[in-house]
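First the structure, in the form of structure tokens, and then the observations on it.
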Amino acid sequence: MEDLLTRSVLAGNRLALARLLTQVENDSPAGRAALEELFPHTGKAHLIGVTGAPGTGKSSLVNQLALHYRKTDQKKVAVIAVDPSSPFTGGAVLGDRVRMRDLSGNDGVFIRSMASRGSVGGLAQMTAAFTQIFDAAGYEIVIVETVGAGQSEVDVARLAQTTIVVEAPGLGDDIQAIKAGILEIADVLVINKADRPGVEHTERALRSMLALAHPAPRVYRHHGQAMTVITPKVDQGLWIPPIVKTVATDGTGIAEVADSIARHAGHLRVSGEWASRDRARLGSELEAALEQALTRRFFQNIQKEKYNEMVEKVVRRALSPHEAVKVLLNGNSKQETV
Amino acid sequence: MTEKKIRVLVAKPGLDGHDRGAKVVARALRDAGMEVIYTGLRQTPEMIAEAALQEDVDVVGLSILSGAHMALAPRIVELLQANGQDRVKVFIGGIVPDEDMPRLKEMGITGIYGPGASTEDIIKDIREAMK
Chain E
1 MEDLLTRSVL AGNRLALARL LTQVENDSPA GRAALEELFP HTGKAHLIGV
51 TGAPGTGKSS LVNQLALHYR KTDQKKVAVI AVDPSSPFTG GAVLGDRVRM
101 RDLSGNDGVF IRSMASRGSV GGLAQMTAAF TQIFDAAGYE IVIVETVGAG
151 QSEVDVARLA QTTIVVEAPG LGDDIQAIKA GILEIADVLV INKADRPGVE
201 HTERALRSML ALAHPAPRVY RHHGQAMTVI TPKVDQGLWI PPIVKTVATD
251 GTGIAEVADS IARHAGHLRV SGEWASRDRA RLGSELEAAL EQALTRRFFQ
301 NIQKEKYNEM VEKVVRRALS PHEAVKVLLN GNSKQETV
Chain Y
1001 MTEKKIRVLV AKPGLDGHDR GAKVVARALR DAGMEVIYTG LRQTPEMIAE
1051 AALQEDVDVV GLSILSGAHM ALAPRIVELL QANGQDRVKV FIGGIVPDED
1101 MPRLKEMGIT GIYGPGASTE DIIKDIREAM K
């Protein structure tokens, strides 16, 4: 039997939705129960991740993108905007709404700001749960905007079906572009602020990065003879991230971004990757939940003194943490835990 | 279980463009461990009530320097109530003449702060109102 909060959310009550998000964010028993009830209703939304360095214009892009989806497809759009919490006080200033004022008064849009609350990786711990709630509540497009990300905040790629990486002119040279990390997770690359000088340079750097990652066969002329340079075979089903130039403050290029997102969704469905990503994501969610539950069960079953004793031994360097785990789980430090 | 954070919407309704005060307060509340949703300048009462609903805030802080508080504040309180958010506490910072204060309090405004008010007092009053 679904409880009142869950039913109100499914019926489209916005206040109930807002309150449920708070319950879930605070990991309350009511929130957890509601998530369980809503889960069968999930799996319909297209989750779009938007990430990039601070100041590249992620929020402005999300603003325009959500407007576009409202105007052209009448789709219900949810935006989850994550900003960092202070590591010292736990407080946060969440300012992404400042750039999203055009979405105000639009009944088909729901924006929720979220503090990262100590999580690293660009998202908050409960961001995935938020996407499930919006999905169940009938939001067809769920956009997740990460905190201003550097080079390793790549969690969003695991969560979203389509990941947009936003760049802006003048942020780094082509060595930045071949480093591992955030550019690798892009399904669509956006160069925002494309009216600024240096946009050609940024585009060239990104193109050469893509060319290194996805080499295409080329034919060169050598002494008048056509000569095919052998390059790795291009997989026909391979998705090569398009590069789209935008000016998010006036909407230039937004239709192209939406078009690239739609083509990427098509590609995922045709190639079967939509299902395999879903499986991988839910699989890792299950694993994380299992890990948490096992840890909780372990602490319930162990005497506090015995555990503290083990901590003491580690502090005295009598045991390494790894050996201590073996003792705690097996009773001796020899037998491996797995 | 994660502790419950106080969520505050800081908004500037109306047409004056001075947001220094709002930013100072936002920063002070952040340093006090609260989660502050900052919405920026020139918000209509409808925009503020909508943001308060979506963000499920506990507190709405309004910065009003234009003298339009007697029109804006009650309208916002009314919209919050219409949305079912009657538990949300509304605070005002800015220029409010003494003679308007009793009427604003009657309309459901929890606290009013003028120039020279200390951020510590604001934080203390918000925490008190949350009890």
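Each protein sequence line maps, in turn, to chains E and Y. Read in order, the letters of the first sequence correspond to residues 1 to 338 in the working numbering. Read in order, the letters of the second sequence correspond to residues 1001 to 1131 in the working numbering. The beta carbon of each residue, even a glycine, is placed where N, CA and C say it ideally should be.
- Cα atoms of His267 of chain E and Ala275 of chain E: separation of roughly 12 Å, rounded to the nearest angstrom.
- Straight-line spacing of the CA atoms in Lys44 of chain E and Ile133 of chain E works out to 11 Å.
- For Phe110 of chain E, the residues of chain Y that pass the 7 Å Cβ criterion are Gln1054, in the order they occur in the chain.
- Leaving aside the five residues that flank Arg1075 of chain Y on each side, the residues in its chain whose CB is nearer than 8 Å to its CB run, in chain order, Pro1045.
- Three or more beta-carbon pairs separated by less than 8 Å link the stretch 152-170 of chain E to the stretch 45-64 of chain E, which places the two stretches in contact.
- Among the CB atoms of chain E, none fall inside 8 Å of the CB of Val1060 of chain Y.
- The alpha-carbon of Thr127 of chain E is positioned some 21 Å away from that of Thr1039 of chain Y.
- Separation of the CB atoms of Ala136 of chain E and Leu38 of chain E is rounded to 4 Å, and the pair is thereby assigned contact status at 8 Å.
- Under the 10 Å beta carbon count, Glu336 of chain E is surrounded by fewer than 16 other beta carbons and is classified as exposed.
- Taking 8 Å as the cut-off, the Cβ atoms of Met1047 of chain Y and Ser104 of chain E count as close.
- A buried status is given to Asp187 of chain E, since no fewer than 16 other beta-carbon atoms sit within 10 Å of its beta-carbon.
- Counting along the chain, no alpha helix (DSSP H) covers Glu336 of chain E, and no H or E run does either.
- Within 10 angstroms of the beta-carbon of Asp1098 of chain Y lie fewer than 16 other beta-carbons, which makes it exposed.
- Around the C-beta of Arg196 of chain E, fewer than 16 other C-beta atoms lie within 10 Å, and the residue is accordingly described as exposed.
- Rounded to the nearest whole angstrom, the CA to CA distance from Ala289 of chain E to Arg296 of chain E is 11 Å.
- Across the structure, Thr1110 of chain Y and Asp1019 of chain Y are spaced so that their CA atoms are roughly 21 Å apart.
- The beta carbon of Ala129 of chain E lies closer than 7 Å to those of Val24 and Leu35 in the same chain, with the five residues before and after it left out.
- Between the alpha carbons of Val314 of chain E and Ser333 of chain E lies a gap of roughly 13 Å.
- The three-state secondary structure of Gly95 of chain E, taken from DSSP, is coil.
- Ser1118 of chain Y is classed as exposed because its beta carbon has fewer than 16 other beta carbons within 10 Å across all chains shown.
- Annotated three-state conformation of Leu183 of chain E is helix, per DSSP.
- In terms of beta-carbon proximity, Asp1121 of chain Y stays away from the interface with chain E, with every pair separated by 8 Å or more.
- Residues of chain E with a Cβ closer than 7 Å to the Cβ of Ile1037 of chain Y are, in chain order, Leu94, Arg97 and Ser113.
- If you ignore the 5 residues before and after Ala255 of chain E, its C-beta comes within less than 6 Å of no other C-beta in its own chain.
- With a cut-off of 8 Å on Cβ pairs, the stretch 1004-1011 of chain Y is not in contact with the stretch 62-74 of chain E, counting fewer than three such pairs.
- In this structure Thr22 of chain E is not in contact with Gly1033 of chain Y, their Cβ atoms being roughly 17 Å apart against a cut-off of 8 Å.
- Per DSSP, reduced to three states, the secondary structure at Lys245 of chain E is strand.
- With its beta carbon at least 8 Å from every one in chain Y, Gly283 of chain E lies outside the interface.
- Between Lys1012 of chain Y and chain E, the shortest Cβ-Cβ separation is not below 8 Å.
- The Cβ atoms of Ile1126 of chain Y and Val1025 of chain Y do not sit closer than 8 Å to each other.
- For Arg1007 of chain Y, the uninterrupted beta strand (DSSP E) run begins and ends at Arg1007 to Ala1011, by DSSP.
- In the structure shown, Ser104 of chain E adopts coil according to DSSP, grouped into three states.
- Listed along the chain, the chain E residues whose CB falls inside 9 Å of the CB of Leu1029 of chain Y are Gly91 and Val93.
- Ranked by how close their Cα comes to the Cα of Ser113 of chain E, the residues E:Val147, E:Val199, E:Ile141 and E:Tyr139 have E:Val147 in first place.
- For a Cβ distance threshold of 8 Å, residue set Glu1046, Met1047 and Glu1050 of chain Y lies close to Gly105 of chain E, ordered along the chain.
- Beta-bridge partners assigned by DSSP to Glu167 of chain E: E:Ile191.
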